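Residues 781 to 832 in this note's numbering are what the sequence shown spells out, letter by letter. Cβ atoms here follow ideal geometry from the backbone N, Cα and C, with glycine treated the same way. As the structure is a computational prediction, the values presented were derived from the model and not from experiment. Reviewing the structure listed below.
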Amino acid sequence: MAAQRDLLIQQVRASTRWELMKEWLEKRTEHWDPLEEYRQHLFRSAGSDTSG
Numbered sequence: 781m782a783a784q785r786d787l788l789i790q791q792v793r794a795s796t797r798w799e800l801m802k803e804w805l806e807k808r809t810e811h812w813d814p815l816e817e818y819r820q821h822l823f824r825s826a827g828s829d830t831s832g
């Protein structure tokens with residue numbers, strides 16, 4: 781079950797990276813807010829900590 785979840789997470793990440801790269805290549809980046817994206821990344825990273 782955990783392996784299935786991990787695979788799904790990897791697929792979502794790959795899809796997200798592709799969408800971001802596509803926007804960047806098409807120069808559709810005016811709506812990007814790097815600081816907000818970083819804050820969201822930190823929030824999600826803290827929520828996915830499974831070491832406890």
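- Message: Considering only their Cβ atoms, is the gap separating Glu803 from Thr809 smaller than 8 angstroms?
- Response: Translated into positions along the sequence shown, residue 809 becomes position 29. Translated into positions along the sequence shown, residue 803 becomes position 23. Yes.
- Message: DSSP three-state label for Glu810, please.
- Response: The residue given as residue 810 occupies position 30 in the sequence shown. Note: Glu810 maps to coil in three-state DSSP.
- Message: Using only the alpha-carbon positions, how far apart do Phe823 and Lys807 sit?
- Response: The sequence position of residue 823 within the sequence shown is 43, counting from 1. The sequence position of residue 807 within the sequence shown is 27, counting from 1. Answer to the nearest angstrom: the Cα atoms are 27 angstroms apart.
- Rounded to whole angstroms, what's the CA-CA distance from Gln784 to Leu805? Just pull it up for me. Residue mapping note: residue 784 aligns to position 4 of the sequence shown, counting from 1. Residue mapping note: residue 805 aligns to position 25 of the sequence shown, counting from 1. Each residue's alpha carbon lies about 32 angstroms from the other.
- Message: I need the DSSP call for Met781, collapsed to helix, strand or coil.
- Response: Residue numbering aside, residue 781 sits at position 1 when the sequence shown is read from its first letter. In this structure, Met781 counts as coil in the three-state DSSP scheme.
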